[in-house]
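Structure, as structure tokens:
2 protein chains.
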Amino acid sequence: MDCPIPKNEFDKILLAHGSGGSLTSKLIQEIFIKSFNNDLLTKEQDGAVFNLNGMKLAFSTDSFVVNPIFFPGGNIGELAVHGTVNDLAMCGAKPVYLSASFILEEGFDIKSLEIITESMKSAADKCNVQIVTGDTKVVERGKGDKIFINTSGIGIVPDPADLSPSNVKVGDKIILSGTIADHGIAVLSGRENLFFESEINSDTAPLYDLVEKMLSVTKNIHVLRDPTRGGLATTLNEISLKAGAGIQINQDNIKIKNEVKAACELLGLDPLYIANEGKLVCFVIPKDADKLLAEMRNHPLGKDSGIIGEVTDEFKSKVILKTTIGTKRILDLHTIEQLPRIC
Amino acid sequence: MDCPIPKNEFDKILLAHGSGGSLTSKLIQEIFIKSFNNDLLTKEQDGAVFNLNGMKLAFSTDSFVVNPIFFPGGNIGELAVHGTVNDLAMCGAKPVYLSASFILEEGFDIKSLEIITESMKSAADKCNVQIVTGDTKVVERGKGDKIFINTSGIGIVPDPADLSPSNVKVGDKIILSGTIADHGIAVLSGRENLFFESEINSDTAPLYDLVEKMLSVTKNIHVLRDPTRGGLATTLNEISLKAGAGIQINQDNIKIKNEVKAACELLGLDPLYIANEGKLVCFVIPKDADKLLAEMRNHPLGKDSGIIGEVTDEFKSKVILKTTIGTKRILDLHTIEQLPRIC
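Keeping their order, the protein sequence lines are chains A and B.
Numbered according to this note's numbering, the first sequence spans residues 136 to 478.
Numbered according to this note's numbering, the second sequence spans residues 136 to 478.
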């Protein structure tokens with residue numbers, strides 16, 4: 136489906152280029168992959184995986200521009216640690232070392248910086264990673280927004296499952312590790328000073344421990360992804376496109392907290408496209424799905440795990456949602472940005 | 136020497152916190168190192184060097200916020216590649232893989248982005264490194280400034296010299312690989328639309344090839360540093376402080392292009408504090424200095440190399456400049472930012 140935005144709009148960067156949706160994908164394909172063109176990059180995983188002197192490593196990077204920098208359930212600092220740790224985990228890698236690079240706006244409060252770096256340290260400790268190198272830049276007032284943080288990370292891939300959308304097969308079961316849309320709604324409520332009946336907290340959390348336990352149960356996991364920017368629908372679309380496979384998910388099996396669902400309805404937002412920061416989806420061969428699910432449910436970060444759908448031989452490269460009332464609809468990549476600066 | 140800025144000013148980030156001078160150092164010590172505290176970070180090299188499964192690796196990160204993004208002799212893209220490649224090289228590491236993460240301002244011209252990514256690719260090819268993973272964020276108009284780029288990099292330390300200021304010894308000769316202040320003056324001229332009689336170009340260049348040749352001549356190099364932000368004087372101060380050693384340099388031996396010198400005089404800037412992006416200083420034991428110098432002069436990036444001074448047992452932790460007229464003056468860490476956003 137073509138994008139409805141007039142072509143000449145593509146001369147300039149739009150907020151939607153950062154949404155994780157179709158314009159982000161276009162930018163990645165037509166600018167970054169075209170320019171940097173190499174085998175590792177074109178795999179478009181959450182990180183690059185390569186052999187270095189016989190050791191299998193993963194390497195990932197992420198810049199964080201979340202607004203507000205403090206939100207219910209977290210702040211930009213721990214989000215920056217969890218984000219890169221999770222990108223490595225989605226490559227099946229045990230995160231080991233992180234870098235941290237700061238772009239600070241003139242006038243930013245140093246006390247806030249200290250709170251942020253302390254929570255980065257605390258998050259890093261909980262993930263058993265060390266922040267070993269860094270950088271700081273300052274830009275003039277009005278040329279940045281308080282603080283942007285880049286974290287990059289190195290992980291070791293210990294006993295690799297072969298994680299890649301190209302391994303996805305018809306029949307694979309799709310497991311989601313918990314409720315969706317918590318992070319996006321928490322950030323939005325912090326940004327707009329919305330107060331819901333019960334506070335909605337970000338789900339920001341490090342996922343490697345869960346991944347390690349999952350890989351101890353089965354090596355037949357074909358893909359691991361954390362549905363961050365663009366939410367579950369965007370992540371499934373990326374996998375479906377890469378795999379050339381059809382994906383069908385059942386709305387009834389996707390868990391959303393009542394207060395998050397209510398907030399989405401109030402705000403006219405589709406929770407399937409809203410960011411998560413402590414959830415993963417995995418594609419696993421059917422015979423291992425139940426034992427994997429049982430293992431995931433034993434883990435605090437996977438207790439609400441469920442099988443949400445499967446890979447089909449219908450609808451090639453499309454994601455189909457079977458709704459509660461039994462109809463089917465296509466979940467497309469979004470062309471607009473419904474929630475900018477969510478991470 | 137205490138900083139003359141009133142103490143309560145330290146509640147907020149100042150431009151000088153990004154200068155590489157005494158406020159940057161204070162921020163690093165009192166916030167980042169205090170929070171992230173670990174052995175690798177406290178070494179404060181240009182990157183972290185560690186063993187991973189018996190392989191010695193270096194890991195470095197740098198965010199680039201240079202203004203203007205296109206300047207005489209280069210642009211933010213190749214600068215971002217050279218910057219991280221050089222940080223790895225200063226650890227004695229052969230750069231192998233880079234990440235690239237972009238923070239784009241809404242409305243930024245996509246054609247410019249393409250020129251920048253193409254020159255990143257071209258710079259990476261010349262350094263034999265690959266850009267293997269990336270990220271893109273977009274911020275609203277007025278919350279960023281066109282484009283900020285973070286590059287992080289992994290390098291292999293092949294046959295390590297032991298590079299650390301703590302190895303510096305009285306008598307070590309200090310070699311500088313060429314002229315100073317070209318980059319800073321080039322960026323400033325681009326920013327302010329200054330036109331000098333002859334165009335002054337940035338010296339942005341990748342230094343690993345030079346470093347490799349240097350390390351093939353002698354392992355008795357004690358420190359390698361590229362005098363970027365804050366210039367030669369700041370870099371020498373950092374080494375002197377870390378080493379607890381006195382450094383004396385001779386003004387007559389420091390090469391500055393005539394047009395750069397003229398521009399500095401016109402603008403009231405001290406070239407010793409102005410950024411370079413394709414130069415290095417090294418500390419080497421006296422007996423190997425001449426053969427190292429000869430090797431450096433054989434390399435296109437080292438043809439103007441010269442011995443500029445030595446480590447003395449006078450003036451502990453101070454850098455002393457012997458001027459052309461024979462007087463001596465202390466080169467301090469600057470407390471102000473004379474040229475913001477130079478890299």
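By construction, the Cβ of each residue, glycine as well, lies at the ideal position given by its N, Cα and C atoms.
Note that this is a predicted model, so its numbers are computed, not measured.
Item: Chain-ordered residues of the region 365-381 of chain A with a beta carbon less than 8 Å from chain B; Value: none
Item: Cα-Cα separation, residue 284 of chain A to residue 231 of chain A; Value: 19 Å
Item: Contiguous beta strand (DSSP E) assignments of at least 3 residues, all confined to the region 361-442 of chain A; Value: 381-385 and 416-419
Item: Members of the region 272-300 of chain B that neighbour chain A once the beta carbon cut-off is set at 8 Å; Value: 272, 273, 274, 275, 277, 278, 279, 280, 283, 285, 287, 289 and 291
Item: Expected contact under 8 Å - CB spacing of residue 386 of chain A and residue 314 of chain A to nearest Å; Value: Contact flag wrong, Cβ pair sits at about 14 Å.
Item: Residue nearest to residue 447 of chain A in terms of C-alpha spacing, selected from A:306, A:233 and A:236; Value: A:306
Item: Presumed contact (8 Å Cβ cut-off) between residue 384 of chain A and residue 371 of chain A, rounded CB distance; Value: 7 Å
Item: Terminal residues of the alpha helix (DSSP H) in which residue 319 of chain B lies; Value: 317-327
Item: Beta-bridge pairing of residue 445 of chain B - partner residues as DSSP gives them; Value: B:308 and B:383
Item: Nearest residue (CA-CA) to residue 413 of chain B, options B:436, B:421, B:426 and B:430; Value: B:436
Item: C-beta neighbour in chain A for residue 146 of chain B, strict 7 Å; Value: yes
Item: Entirely enclosed beta strand (DSSP E) segments - the region 273-300 of chain A, minimum 3 residues; Value: 282-291
Item: Where residue 256 of chain A meets chain B, residues with beta-carbon distance less than 7 Å; Value: 170 and 171
Item: Per-residue burial, residue 329 of chain B [other beta carbons within 10 Å of its own, 16 or more giving buried]; Value: exposed
Item: Contacting residues, own chain, Cβ-Cβ under 7 Å from residue 220 of chain B (five flanking each side not counted); Value: 230, 262, 264, 288, 341 and 343
Item: Residue interval of the beta strand (DSSP E) (run including residue 186 of chain B); Value: 183-187
Item: Per DSSP, cross-strand counterpart(s) of residue 236 of chain A; Value: A:270 and A:285
Item: For residue 197 of chain B: DSSP bridge partner residues; Value: B:286
Item: Minimum Cβ-Cβ distance from residue 343 of chain A to chain B less than 7 Å; Value: no
Item: Chain A within 7 Å of residue 243 of chain B, Cβ atoms only; Value: yes
Item: Extent of the continuous alpha helix (DSSP H) to which residue 261 of chain A belongs; Value: 245-261
Item: Residue 265 of chain A - DSSP class collapsed to helix/strand/coil; Value: strand
Item: DSSP-derived helix/strand/coil call for residue 313 of chain B; Value: coil
Item: Among A:191, A:318, A:211 and A:175, the one whose alpha carbon lies nearest that of residue 228 of chain A; Value: A:191
Item: Residue 303 of chain B, DSSP secondary structure in three states; Value: coil
Item: Nearest-angstrom Cβ-Cβ length linking residue 479 of chain B and residue 153 of chain A, presumed shorter than 8 Å; Value: Because chain B is modelled from 136 through 478, residue 479 of chain B falls outside the range shown and cannot be assessed.
Item: CB-CB length for residue 106 of chain A against residue 208 of chain A, believed under 8 Å; Value: Nothing can be reported for residue 106 of chain A, as the shown portion of chain A is limited to 136 through 478.
Item: Interface flag, residue 188 of chain A vs chain B, CB-CB below 7 Å; Value: yes
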